[in-house]
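Those sequence lines, one after another, are chains A, B, C and D. With this note's numbering, the residue at position 121 of the first sequence is 214, and numbering never jumps. With this note's numbering, the residue at position 91 of the second sequence is 184, and numbering never jumps. With this note's numbering, the residue at position 210 of the third sequence is 303, and numbering never jumps. With this note's numbering, the residue at position 174 of the fourth sequence is 267, and numbering never jumps. Idealized CB from N, CA, C, for every residue including glycine. Structure first, commentary second.
Number of protein chains: 4
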Amino acid sequence: MKTGRIEEDFIGKMEIPIDALYGIYTARTVRNLSFSEKKLFQYPRYIHALAYVKKAAALANFEAGLLPIQIKEAIAWACDEILDNRYHESFVIDVLHGGGGIGTNMNINEVIANLANQKLGGERGTYHPVHQNEHVNLSQSTSDVCHTANRIAVILSFQSLRLQLEMCIQVMNELSEKFDHVETMSRTCLQDAMKVRIGESFRSYAAMLERRLHLLSVSVDYLHQINLGGTVIGSGVGAPQHYREVVVQKLCEVSNLPLRHRENLFDAAQHIDDLAAVSKELHLLASCLIKLAKDLRLRSSGPEGGFGEIVLPAVQAGSSFSRERLILLSLKH
Amino acid sequence: MKTGRIEEDFIGKMEIPIDALYGIYTARTVRNLSFSEKKLFQYPRYIHALAYVKKAAALANFEAGLLPIQIKEAIAWACDEILDNRYHESFVIDVLHGGGGIGTNMNINEVIANLANQKLGGERGTYHPVHQNEHVNLSQSTSDVCHTANRIAVILSFQSLRLQLEMCIQVMNELSEKFDHVETMSRTCLQDAMKVRIGESFRSYAAMLERRLHLLSVSVDYLHQINLGGTVIGSGVGAPQHYREVVVQKLCEVSNLPLRHRENLFDAAQHIDDLAAVSKELHLLASCLIKLAKDLRLRSSGPEGGFGEIVLPAVQAGSSFSRERLILLSLKH
Amino acid sequence: MKTGRIEEDFIGKMEIPIDALYGIYTARTVRNLSFSEKKLFQYPRYIHALAYVKKAAALANFEAGLLPIQIKEAIAWACDEILDNRYHESFVIDVLHGGGGIGTNMNINEVIANLANQKLGGERGTYHPVHQNEHVNLSQSTSDVCHTANRIAVILSFQSLRLQLEMCIQVMNELSEKFDHVETMSRTCLQDAMKVRIGESFRSYAAMLERRLHLLSVSVDYLHQINLGGTVIGSGVGAPQHYREVVVQKLCEVSNLPLRHRENLFDAAQHIDDLAAVSKELHLLASCLIKLAKDLRLRSSGPEGGFGEIVLPAVQAGSSFSRERLILLSLKH
Amino acid sequence: MKTGRIEEDFIGKMEIPIDALYGIYTARTVRNLSFSEKKLFQYPRYIHALAYVKKAAALANFEAGLLPIQIKEAIAWACDEILDNRYHESFVIDVLHGGGGIGTNMNINEVIANLANQKLGGERGTYHPVHQNEHVNLSQSTSDVCHTANRIAVILSFQSLRLQLEMCIQVMNELSEKFDHVETMSRTCLQDAMKVRIGESFRSYAAMLERRLHLLSVSVDYLHQINLGGTVIGSGVGAPQHYREVVVQKLCEVSNLPLRHRENLFDAAQHIDDLAAVSKELHLLASCLIKLAKDLRLRSSGPEGGFGEIVLPAVQAGSSFSRERLILLSLKH
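Listed below in structure tokens is the structure:
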């Protein structure tokens, strides 16, 4: 009984599970560089972003006369299959593999090649007629593929975070209306100070969240500047001029996102401060939500030996949580 | 067709999967407090540690005359099953659920109760004759259970990390012998300085790792002081005197670890600086390993336009990794 | 010989140096809460910002009919003296005193009161006719004074940082022109990759710095929203309506900055995420500059045993620094 | 009127203040590399540590036959003067100058040379008969001088911190006796739990501080292993054998500290994880003290709208601080 197929690279031969959509490069990376227990299949938005990039590249390569139509069609079909969430279990690479992203890029190249060849009547593991490097990765490098896909994945994630934050702001505003007439004590350094209306404090939470959401959104906006077409170091070496002129437009179409080229592609290949800025904004948002949650915890302390000015309805035996708190907690992660 | 069973708590009724070993408390926590995508089943050593605690408590409760023998036996059997890695998929709680650890404690209480009742001929979801709180959690609180189990889990993890570090130190020492005669250039501020033997630099890596291993080990030693028997706040309220006198001894026996009571159990219930100290030692170890890996990367830079004084054998197409580097990298995670 | 004067508060009497412009509140805070070895006099921009606030408050209080003209004039004169950098040595408070800012606010209140009374013919330590609380601090609280002055101080500091960054960007652009024709090797993971022009890499540094400067500037813009008039908790309690309507306009005039009220003053009294955002942008800028400096260090490593592709002219015996590197380093601090 | 003297190095000439004990190297470093506003004279223990090192080196050089007696005597006398705190204002270098420590080492070399020459009847700025490099720095490098002095400075600082912590522990124990009979409420997640005696909670603070003090002390113990004699990279190049054999013994004598050579001097020249470990222990201690202070703040919140279970006596108008809290706060810094 046949359980595996043999693939070969310049290091030597290796047995791959007979039905695997990935190939030897992915398999070696999994074996050599799996440290973090975070697998690519746990990040479906990143997989989608990679599929958008590969589809856009195929369309641009075709338009630049570099790919025959049937190979372009097969690659595009394979990308759509992946975007349909059918093959996520094939993305087995450690997402923090530390190998410069080559494993990630090769994982999707191999899966697309095997899917495309199957569509064209070929077998898995043959990489013919569609080749993972010569066709799927044509005019690209790991550098511009991963840099671009990372940013798209963050943009996609932000779209859902934005909805949650807007709901949270709305809840805070509703609570500020509902309890606007209730007076309580404000405190400085936790010592009793002057009276304040509960409505005022919830409105101030809403104002804080609106500000953070706005600035997070500014930092995410920057990520729409991408470097696909810059290849390894930003010079675009290996990517023909026509391809480079159209690939971002193709990517806008397949992803439905308003992307554009970063002005300096050498800068883009080297500097990731735009991603770091989003990370810092998320950290600041989390700090604000933690402050809010701690306020609620303190203000609901007691009932006898604490502040006892807010009651959070119980949603679980042995503890007390409000709908609001749950929303907040869920945003932190 | 019956797909679920109904369980009830003071919040109301809830349907639980018919075959689930966990119960309603776990299910509510999963629904209310799943934020981190890190599930308890991903941490088998923590599950083992919790099973040790529950078994030790059952033995101590029996000895203190608080549990009938057949219930003690059933609980101990269930713990052994868990220690045999048979039911890890039942530990579905978010390990960072944020609910003070109650979810974690209840997850194991419910799994043990259901297993024990099954052993005694009962059905899942009945919690009779073995009750998750009255028997499995008897004389315990979430506070002392989780504080104790956390520390045991870290001790168990350190045992395997120690082996890896010792192997890494040995490799460094072997390399220092092997290349002791090779002279290269040392540098200050990356400017050429005086000659140094390669052996010296590998020996210095070994010395650094030995020092960090020793101090990490000192910090882990502290974790052997536990607070099982202190219950919620350290006073031992709810845990009879006899139980408190024997439970740590029982825990030593079932876990085969030299544990002892922390001197001040109020301190233990409140302060986690002993765990934080281990975390800081791990962070420092990681910094040292990163420094070592960066040195290797720099010293193997080139071949033409870099330092080029060390060659790391390739283990993967398109990149180069040595056995040593892989060992190092694997330790970082 | 008289060496001190006696001042008194409800805690008791205390001897103050005979010539001190500060008074008993400042002296107690210095004695009780001096931990950080960072004194207010080391932060002249913060002193200026506090003087702007006090002058604006005096003008607004006068316009609101709360201060007689000669007291308003004396306070304004004292603020101008401070803005003239004549009395910085009187700001002896620990700038991180931890007492909620009261010490900082009282330090400037006492200095202004003593200066103003001196101008009006009185003696230091009498607080008559100008009183530190009843006149200098009129309609204000520590909360709105310090929150406002903090932000102004950061805005003033940014004005000089902006100039330095712009000069640094210009240097990078000049270098990119000057060395545009020089080809060198680019590297991926420190392994030789393809050739690149030196000009490209300096241009990419300039692009990075322009981006960070722009986003730092966005975060500083937010600080122009202040809460002077909100007093302790944002309600403006203790500050009459007319005063609150004009005080920000007065502050714009005396500081020559385009300030405005934050929309929600309760929010402003509680949340400092706008300051934290600037801090995070500075951290990110520093990371980028460190990356740039490390690149230069690596690329000038050698001369024989390193990369040796850039020579940094020596400015000091025993080491080598370029004008560019010095500029960069000075920005980091 | 003569206001400066001219010194010269290979970069060129420079005017030095006529009375300065430092020389051209220090002056250049101050001009080129002053970023942090933290000057060496603010760190008297570091100055002492450097003086110990220089004195020990002179004694060892004399014993190894490398220095004539009158130069040894003059250097030793100059070191004693510095240890007598007479010339701290001469240590003008930026303590974080970033130039690899050369500025720090040269600052003390120049001050000692000028003092020693003055003692021998010479003038400042002549560096004759005692030369800053050929005599004061003989058999040393910046690397082993600064690494050694850093560690001694931390050991000296710890001696005074230890006393403060021991006093703080004693206060906690006294408070636990004094209030042992008072019952209050303990809380879990800030919700009312069971009663606890105030004495128990103060005893738990004492236990926490004892533990941290012990482990901090373990980390400081490691710093007694120093690398004086290892010179630049650990090989001891430039330092004769006899000198290297006696220099640490001399340093023990002049500093009255039980120092010894680190086993691997190459390791010592490269790795500073022993210092980082002390830093991490201090950070952990600070976290514990902050926790303690926050507990006191929370437990004294109120008086009406808070916990109100502890009253902290006022030491300042407008706020409340206890002797204990002040002790704690002062330890944090």
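Any chain D beta carbon closer than 8 angstroms to residue i
i: B:LYS73; result: The requested residue 73 of chain B is not part of the displayed model; chain B covers only 94 to 426.
i: A:ARG390; result: yes
i: A:ASP102; result: no
i: B:ALA242; result: no
i: A:GLN257; result: no
Residue-level contact to chain C via CB, residue i, 8 angstroms cutoff
i: A:VAL289; result: yes
i: A:GLU293; result: yes
i: A:CYS381; result: yes
i: B:ASP173; result: no
i: B:GLN284; result: yes
Cβ-Cβ distance between residue i and residue j below 8 angstroms
i: A:ASN154; j: A:SER250; result: no
i: B:GLU100; j: B:GLY218; result: yes
i: A:ILE186; j: A:LYS148; result: no
i: C:ASN210; j: C:VAL229; result: no
i: C:TYR220; j: C:ALA242; result: no
i: C:ARG305; j: A:ASP366; result: yes
i: C:ASN198; j: C:VAL238; result: yes
i: C:LEU114; j: C:GLY192; result: no
i: C:PRO396; j: B:ASP285; result: yes
i: C:ILE117; j: C:ILE111; result: no
i: D:GLY398; j: A:PHE400; result: yes
i: D:LEU316; j: D:VAL247; result: yes
i: B:LEU279; j: D:ILE326; result: The sequence as given places Ser at residue 279 of chain B; Leu does not occur at that position. For B:SER279 and D:ILE326, yes; Cβs fall inside 8 angstroms.
i: C:SER234; j: C:THR122; result: no
Cβ of residue i within 8 angstroms of any chain A Cβ
i: B:ASP237; result: no
i: B:ALA410; result: yes
i: C:ALA300; result: yes
i: C:VAL264; result: no
Minimum Cβ-Cβ distance from residue i to chain B less than 8 angstroms
i: D:THR281; result: yes
i: C:MET260; result: no
i: D:SER40; result: Because chain D spans 94 through 426 in this model, residue 40 of chain D falls outside it and cannot be assessed.
Query raised in the report: Pairing CB atoms from the region 296-307 of chain A with CB atoms from the region 357-367 of chain C, are three or more of them under 8 angstroms?
Result: Counting C-beta pairs with one atom in each stretch, the region 296-307 of chain A and the region 357-367 of chain C have three or more that are closer than 8 angstroms, which means they touch.
Requested in this report: Taking only beta carbons into account, state which residues of the region 394-408 of chain B come closer than 7 angstroms to chain C, listed in chain order.
Outcome: Taking 7 angstroms as the upper bound on Cβ-Cβ separation, chain C lies near residues SER394, GLY395, PRO396, GLU397, GLY398, GLY399, PHE400 of the region 394-408 of chain B.
Query raised in the report: For the 8 angstroms Cβ check, are there 3 or more pairs between the region 316-323 of chain B and the region 283-291 of chain B?
Result: Contact between the region 316-323 of chain B and the region 283-291 of chain B is not established, with fewer than three Cβ pairs separated by less than 8 angstroms.
Query raised in the report: Which ranges does the alpha helix (DSSP H) cover as unbroken runs of at least 4 residues, wholly within the region 191-220 of chain D, from first to last along the chain?
Result: Fully enclosed alpha helix (DSSP H) runs of 4 or longer: 195-212.
Requested in this report: Give, in chain order, every unbroken run of the alpha helix (DSSP H) that is at least 4 residues long and sits entirely within the region 141-187 of chain C.
Outcome: Runs found: 162-176.
Report task. For the region 179-204 of chain B, enumerate the residues whose C-beta is nearer than 9 angstroms to any C-beta of chain A, in chain order. Result -> Correct list: LEU189, GLY191, GLY192, GLY193, ILE195, GLY196, MET199.
Query raised in the report: Looking at chain A, which residues of the region 104-126 of chain B have a Cβ within less than 8 angstroms of any of its Cβ atoms?
Result: From the region 104-126 of chain B, only ILE104, TYR118, ARG121, THR122, ASN125, LEU126 have a Cβ closer than 8 angstroms to chain A.
Query raised in the report: Contact between the region 150-166 of chain C and the region 333-348 of chain C: three or more CB pairs below 8 angstroms?
Result: Taking 8 angstroms as the limit for Cβ pairs, the verdict is that the region 333-348 of chain C does touch the region 150-166 of chain C.
Requested in this report: Identify each residue in the region 355-372 of chain B for which the Cβ-Cβ distance to at least one residue of chain D is less than 9 angstroms, and report them in chain order.
Outcome: Within the region 355-372 of chain B, contact with chain D at the beta-carbon level (separation under 9 angstroms) is assigned to ARG355, GLU356, ASN357, LEU358, PHE359, ASP360, ALA361, ALA362, GLN363, HIS364, ASP366, ASP367, ALA369, ALA370.
Report task. Scan the region 334-403 of chain A and note each continuous alpha helix (DSSP H) run of 4 residues or more that stays entirely inside, going in chain order. Result -> Every unbroken stretch of the alpha helix (DSSP H) spanning 4 or more residues and falling wholly within the region 334-403 of chain A is given here in chain order: 334-348, 358-363, 366-392.
Requested in this report: Count the C-beta pairs between the region 372-387 of chain B and the region 257-274 of chain C that are closer than 8 angstroms, then say yes if the count reaches three, no if not.
Outcome: Touching, no, given that fewer than three Cβ pairs across the two stretches are closer than 8 angstroms.
Query - Chain-ordered residues of the region 323-341 of chain B with a beta carbon less than 8 angstroms from chain D - result: So the list reads VAL325, ILE326, GLY327, SER328, VAL330, given in the order they occur along the chain.
Query raised in the report: When Cβ atoms are compared, which residues of the region 201-229 of chain B fall closer than 7 angstroms to chain D?
Result: Taking 7 angstroms as the upper bound on Cβ-Cβ separation, chain D lies near no residue of the region 201-229 of chain B.
Query raised in the report: Which runs of the alpha helix (DSSP H) spanning at least 4 residues fall entirely within the region 227-261 of chain D, listed in chain order?
Result: Entirely contained in the region 227-261 of chain D, not one alpha helix (DSSP H) run reaches 4 residues.
Query - beta strand (DSSP E) runs wholly inside the region 95-122 of chain A, at least 3 long, in chain order - result: The qualifying runs are 97-102, 105-110.
**Report entry** the region 166-175 of chain B contacting the region 269-283 of chain B, beta-carbon criterion three pairs below 8 angstroms
**Finding:** These segments do not touch.
**Report entry** Segments assigned beta strand (DSSP E), at least 3 residues, entirely inside the region 266-339 of chain B
**Finding:** Correct list: 276-281, 284-290.
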